[in-house]
Structure formats: C-alpha cells, structure tokens
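Residue numbers (this note's numbering), protein chains in the order written: chain A, -7 to 769; chain B, 51 to 119.
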C-alpha cells in the first residue's frame, strides 16, 4: 500500500470527522465533548473545552447564538441540544476557570486592533499569545462593544470583567476613546495607522463602512470587500471582520469571534511570510462528513430550565446532555465483531496495517488483526465511504506471504486441509457413466462433500436423471482457502488445475453445490459458465419427495457472505423453501448485508476467539432454527449449539431424522468423508474398484480426546504417523504410573505428541498436543 | 512446573533405555531462531521429553512472539 492509497482509504472512514455541532460552530467548540463532560458531571472539563476555543467562556456561555444547532443530528428527530445552557452550567460550576498560557516570547512586530468588541479582542488575545505587541483602539471608554446591550440577568457584568482580565496577562495595550478613520472625529487615519503598524485588524462593529471613509475597496453597497477565507481587505496589511462585515441583520457573536481568530491567523501568517491561504479549508463553518445513524432514537424535546436566569440545575443539565447522541459513525463496528474486537475503527486500522507492512525490524503488532478478518465485505456495505477492510487485509496478507512475514500458524492447518482436497485423495473429474461428453458438470465443493457426502451423492444422481447430454462430476476445492490466506501463487495454481480439468471435460456449464465455489469461479474463471445448484433446482424442479409426512418449519435464513450480491440466488433459496412448504423469517442483516458465519477469511483458524464471537452474534439474532445453503455456515452454527439446517437437509429430508441438531464432522472426519465419497462414487456410479491404502494401525479415540484434537487442530492421521514412528523405532517414553506410552513425531512443520496405550483392537489415544518449536536435540 | 518436574523425574522413563530422564541441554528452533534450553531427556539416547504444560504454555507464547517478529 502506497502512502497516497493509505490516505485515500483512511479518508473514506468518517469516524474521525467532527460531529455536526463542531463543524457548524465557526470556532469548532467540541460541543459533543461538553455534553459528555456534563453527563459525567465533570463541569471543569466541559468549561476547559470551551476555553480551548474561545478566550471569553464566561461571556459566550451566556450569549452564544449556537450555530452548532444548525447541524445537530438531534434536530432530525426533535430539537437540537441546548448547548449554550450546557456550557453555562460548565462555566458557572467551574471554580477555577483559568486559561493556561505558555510563556510568551515577545516579538518586535506590532499589530493594531481597531475596535474593542469581542471580535477585535479575540484577535488581540490570539496574537498576544503569540507574542505580538498589540494596541487596541477603542472608540468608547469600555471594552466589549455590543455585549453591554444584554441585560444584567442574561449577562452579569462580573462575567465580562472576569473574562477580560485575561487581557492583562498579555502584551495588549488599550487606547480608550480613540477613533480611527478618516472622519472629522477620528484621531488617526487608517492609512497612517497601517503605516506605523505591521498589520491591522478592523473590527469596529455595526458601522456604516462608507462613513468610515477608509481607503479600502468597497462593494456596490458600500461594504468593505474582504476575502472570506483570510479576512484580507484590499490593503495587504489590513484585515476586517465582525459585525462590520456581517452587517446589522446578520450579527452573530460566535461568527464575530471566529473572524477574530481567522484574522489573527492571517496576520500571523503575513508576519511570518507564510502562505495566507494554504490548508485553511475547514476554518469557520463547514459541513461535516460524519455519518450518524439515528434509526430507533426516541424523540424527546429539549429540557427547559425551571429558572431561566440561573440556568440548568445539575439534574436538568444531565437530562439534556443525555439527549445528545454523542454523534459518531461506527456503522461497520456495530455489525462486525472483528472490527469491534480491536476497540477502534477502520481509519485507525488502515494506518496500523500500513505501519505493520512498513516494519523492517521489530514487532508486527497488527499481524493478528490482519489475519483475523473474515474478508466478508459487510463493512463496505454499511460504510458511508464504502471502505472495505477485507480488501485491505487480503492485500496485506499477500504482501506478508510474498515477503515471508506471514506467521505460519495462522493458516497452515487450513492450507493443509486444502492440500488434501486438491490431492488424489479427493480430486475426481469424470463424464457421466456411458457418456463421452458432458452438457453439465456438478462441482459439489470440498466442504459440502465433507459435511454431507450423502447429499452430494443424491444430488449427483438426481442431476444425472434430470439433465440430458451427460452430467459430469468434478470433485475438488475451488482454492478459496489459499486466496483467503494470501497465498496468491497457490490460489492461481489451484484455479489453473480446475480450469484444465474442466476444459478436458469439454468446458460445459458448471453447477456448484457451494456458493463460495460459485463466487470464485464467476470472478476468476471468466470463460466458465457457472451457476449455483439452487437457481438450477428452481428451474428444473426439486427431487420428488418419497417420505409422505413432513414437518413444516419457519426458519431464519442466513445468507452466505461470499454471495451477498447474488440477489437471484438469494431469492431462489426463499422460493425453494416455499415450494417445500416451509416459511421464511428474514434476519435483520440478510442478503446484501448478511454477516459471515465465522469461517470466511479463515477467521476460525487464525483467531478462534473472534470467530466464536462472530458465530455467537449471528446465531443469537433469532430464536428460530437457521437455514443455510453453505455447509461451513451450517456446521459453524450447529457446532456452537444453534439448530441449523442446510437447505439440502430439507430437500432430501427423511422423516424422523433431525439433522439441524447434529454437530458437523470434525476435521479428521471431514477428510475421511471426502476420500470416502470419491471411492464410493467411483465404485457405485462408475463401477471402478479402488485400491485405497488403509492405515496399518487402528486408533481408539475417546470423545473427550476427539474434542481436544478438534480444539488443537490435530488430525487422526497425524497421530497415526506418531504412533507408527514410535512403534517402528522404539523412540518413546513410558509413564511408569499408568504404563502409557508418550511419543512424538514431526511429519512436516508441526511436532505432534501422543500419549497412548496398547489395546487388543489397536491403540487407545489418551492425550494429544503439538508445538511448532522444533526439537533440534 | 515444580510439580511437573517431580512427576517427570518419578514417572517417565525412556522406553528404549529403561532409565529415568534427567535435565540436559537442548536446542529448540523456530523461524530461524535457536533457543538453548534445559529440558528432560534420556541421558543415554538423547530422546527429548516435552510435557503438555510446556508445549501449550511457555512454548506457545514463544511461538506467537516469534511469529510477529
């Protein structure tokens, strides 16, 4: 991932965008933060958030015109948050409200501020903090300008005095009763002032610009022309803002303050010879890109103060703060246990992935995160910016494999399982018996063959009866585990082998038993006409039911994540359920926004904890029995105790057989089922005898040890190798307390240990464990 | 581990050499890193014993740490 791509992707995640209130506030007060502080009754923290952006919090907390309310999400439901009232309680209840100033380094440059209202004084404070020498020219005998028009009860005078005390801590000189302009009452012309100062901020309130008679460019209405981005006038040293520019009808106290801040920034840039315009897009009012879902938020009007003069009581403020939605997006995090697990959101994750790939020496902290994603793409579906973490993790896995930095433990077991499914043990490619060509190929897939070999056999027989022109059979694995593991070369090889076998059979259309195989073929073998079994069955009709009585069910349909965009397939599933007489319950997240079962992306192998969270989240979304059309989805749910049918369980239903309650076969049995399916079909369908090598020894594995092996991803075959090795070499230990033997063997990369004892029918396995550290002796 | 050490010393013998195990130097290796450690082994034939607790505990942690390097 290049830097540019990183930024482009990071920017698609809007979680770090400011909430609407902050974007609408022209000085960007963290109103959400203030509401959160009030919720905790931490008024001091709330007041500091205000002070951080506004030099006069006591005044503003009483008289702000609350532009924040323009973009408040709450407004879409009922009423905007009464932010000024929340600010007031924060300020009033903060006993030591003080702005911490960093030591000021005085500069030689001088700035004149014309007008001692809030706009001019804000500029004076901002520039004073930076060490400029400020002279404020105020036409009257007091500072504050129009704020004195507010009543004592609305704005107590002491608040003004307390706020303006800050000016005494800064290099700010005030000249009262000093009018600047070219008029007769003026003491000094603007031109001569700008000649003796390095910069000027003109903020003289609601004055008729024309009467000023200043030598600045005016528009047709006689108003000073300014650049709204910088507040610059036609005189490069003079900037203007506040009510002078806003005009009497558009007065806004908070906007005047923002003009003061913007002008101060411009003056600082001017005096430092920096660009006046670079990177200033989000100064002042802007529209946020943050998305916040307000579905299901109960309407509740704003809390009124029992005593408007005193403002909110603590209880009232708490109620109002609780109305605040504390806007954030997190749409993807809400639907994905994986994204929630790492306690952040994609913007952070993308950066972590990038950093992880950039590490030369050191710990790659994000390996776990990269390998845990199920690559299901739900995040993209719900993301306002359409960011897909799965794509990012998949790419990262490719890079890790290419650079040799992929932890072997992450996908090793799944890839070895895939190796089995692409080996002679399982792979088969044949025309229908008696045919030399095929009109159709049935490709059931490795997992359906592992979970329900009996269904594969029945379906193949049904297709042979129903479809003319010969139905060939291809057993194998589509290669998706390699794709998920980032093993691009292996994935391509696997696809090439499939494509080669398919072409040898005459390249007919392919009917897949597994939705994932279908999605892989569709995407990666463009010449192949592939179709899921379900849309075909809807067209050609279902196998005749032989059992008379059947139980009609209402089932929650779980769509497969690898075919989330296949609307036709999804509809077929529902139609077939209907034809079988069953009813459908739609899960909240289905079809395009379906969730992964916890198997996608090899999540179950790379991070069992998150996979189990994912499964548990999904299965708890309805109390009904689930219906799936992917064998892995079915087994994952059933293995966690959720009653789940595969649709083929219902198509080939046998009265009295409860397949929904059955756990899926373990890893060893899955491989055995595949191998046995091949030999059975060869024998029963094609009449070919198969000489399959049988193991030389028989294992007796108690249920608890089977569960342990499943948990530790140890196959029966691995244990046979250990015992064969131990018995042939004599290299084993003996536990003298129970006469059990303990031995180890490393067939490829993992060392397996077995504790076993002899029995007249074979070997009883008492324990099994493994490690990857190699014993070098 | 003290309890496990005791169990190994008292109960486990090398089947071939019929002698109890003693602590000895062993090198474990993973992802191009070698670790000299002391483990129980047969002092005669050198067969190394790794108890389940070690494999699923400390060794598992070391593997995970190395995999993220």
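Note that beta-carbon positions come from the ideal geometry of N, C-alpha and C, so glycine has one too. Treat the numbers as computed from the prediction; the structure is a model and nothing was measured.
Taking the C-alpha atoms as reference points, what is the distance between residue i and residue j?
| i | j | result |
| --- | --- | --- |
| residue 704 of chain A | residue 597 of chain A | 10 angstroms |
| residue 600 of chain A | residue 363 of chain A | 11 angstroms |
| residue 338 of chain A | residue -1 of chain A | 12 angstroms |
| residue 96 of chain A | residue 261 of chain A | 18 angstroms |
| residue 572 of chain A | residue 582 of chain A | 21 angstroms |
| residue 500 of chain A | residue 533 of chain A | 21 angstroms |
| residue 623 of chain A | residue 418 of chain A | 17 angstroms |
| residue 104 of chain A | residue 36 of chain A | 34 angstroms |
| residue 80 of chain B | residue 458 of chain A | 55 angstroms |
| residue 111 of chain A | residue 374 of chain A | 43 angstroms |
| residue 400 of chain A | residue 385 of chain A | 17 angstroms |
| residue 497 of chain A | residue 412 of chain A | 23 angstroms |
| residue 568 of chain A | residue 527 of chain A | 9 angstroms |
| residue 274 of chain A | residue 327 of chain A | 31 angstroms |
| residue 146 of chain A | residue 251 of chain A | 24 angstroms |
| residue 524 of chain A | residue -3 of chain A | 36 angstroms |
| residue 679 of chain A | residue 420 of chain A | 14 angstroms |
| residue 759 of chain A | residue 557 of chain A | 45 angstroms |
| residue 594 of chain A | residue 437 of chain A | 16 angstroms |
| residue 391 of chain A | residue 295 of chain A | 55 angstroms |
Could you check whether the Cβ of residue i sits closer than 8 angstroms to any Cβ belonging to chain B?
| i | result |
| --- | --- |
| residue 733 of chain A | yes |
| residue 715 of chain A | no |
| residue 401 of chain A | yes |
| residue 139 of chain A | no |
| residue 347 of chain A | no |
| residue 355 of chain A | yes |
| residue 350 of chain A | no |
| residue 763 of chain A | yes |
Figure out for me which residue from the options has the closest Cα to the Cα of residue i.
| i | options | result |
| --- | --- | --- |
| residue 554 of chain A | A:717, A:510, A:46 and A:737 | A:510 |
| residue 652 of chain A | A:641, A:661, A:611 and A:658 | A:641 |
| residue 745 of chain A | A:752, A:757, A:380 and A:405 | A:757 |
| residue 325 of chain A | A:310, A:288, A:381 and A:26 | A:381 |
| residue 434 of chain A | A:428, A:464, A:266 and A:425 | A:464 |
| residue 697 of chain A | A:748, A:630 and A:163 | A:748 |
| residue 188 of chain A | A:174, A:212 and A:127 | A:127 |
| residue 638 of chain A | A:191, A:86 and A:505 | A:505 |
| residue 751 of chain A | A:516, A:471 and A:690 | A:690 |
| residue 712 of chain A | A:755, A:681, A:546 and A:682 | A:755 |
| residue 648 of chain A | A:663, A:630, A:661 and A:543 | A:543 |
Enumerate in chain order the residues of its own chain whose CB-to-CB distance from residue i is below 6 angstroms, with the five nearest sequence positions on each side excluded.
| i | result |
| --- | --- |
| residue 239 of chain A | none |
| residue 98 of chain B | 76, 89 and 91 |
| residue 256 of chain A | 115, 118 and 119 |
| residue 610 of chain A | 587 |
| residue 280 of chain A | 9, 10, 12 and 15 |
Does chain A have any CB closer than 8 angstroms to the CB of residue i?
| i | result |
| --- | --- |
| residue 54 of chain B | no |
| residue 74 of chain B | no |
| residue 79 of chain B | yes |
| residue 63 of chain B | yes |
| residue 100 of chain B | yes |
In chain order, what residues of the same chain have a beta carbon less than 7 angstroms from the beta carbon of residue i, not counting five sequence neighbours either side?
| i | result |
| --- | --- |
| residue 762 of chain A | 704, 706, 742, 743, 744 and 745 |
| residue 99 of chain A | 123 and 124 |
| residue 291 of chain A | 69 and 70 |
| residue 177 of chain A | 171 |
| residue 578 of chain A | 549 |
| residue 87 of chain B | 76 and 78 |
| residue 6 of chain A | 281, 282, 283, 321, 376 and 377 |
| residue 154 of chain A | 50 |
So which residues of chain C does residue i contact, with C-beta pairs closer than 8 angstroms?
| i | result |
| --- | --- |
| residue 302 of chain A | In summary, chain C is missing from the structure at hand, where the protein chains are A and B. |
Output needed for residue i: all residues of its chain with C-beta closer than 8 angstroms, excluding positions within five of it in sequence on either side, in chain order.
| i | result |
| --- | --- |
| residue 431 of chain A | 459, 460, 461, 462, 463, 500 and 501 |
Exercise. Does the stretch 435 to 452 of chain A touch the stretch 662 to 682 of chain A, meaning 3 or more C-beta pairs lie closer than 8 angstroms?
Worked result: yes
Exercise. Counting Cβ pairs closer than 8 angstroms, one from the stretch 544 to 557 of chain A and one from the stretch 583 to 598 of chain A, do we hit at least three?
Worked result: yes
For this session: May I ask you to verify whether the stretch 61 to 69 of chain A touches the stretch 126 to 136 of chain A, counting CB pairs closer than 8 angstroms and requiring at least 3?
Result: no
Problem set entry | Cβ contact (3+ pairs, closer than 8 angstroms) linking the stretch 38 to 57 of chain A and the stretch 267 to 283 of chain A | no
For this session: Count the C-beta pairs between the stretch 733 to 748 of chain A and the stretch 717 to 725 of chain A that are closer than 8 angstroms, then say yes if the count reaches three, no if not.
Result: yes
For this session: Pair every Cβ in the stretch 354 to 368 of chain A with every Cβ in the stretch 292 to 311 of chain A, then say whether three or more of these pairs are closer than 8 angstroms.
Result: no
Exercise. Pairing CB atoms from the stretch 654 to 666 of chain A with CB atoms from the stretch 435 to 445 of chain A, are three or more of them under 8 angstroms?
Worked result: yes
For this session: Indicate whether the contact test is met: 3 or more Cβ pairs, each with one atom in the stretch 22 to 31 of chain A and one in the stretch 308 to 323 of chain A, closer than 8 angstroms.
Result: yes
Exercise. Does the stretch 210 to 221 of chain A come close enough to the stretch 237 to 253 of chain A to have 3 or more Cβ pairs within less than 8 angstroms?
Worked result: yes
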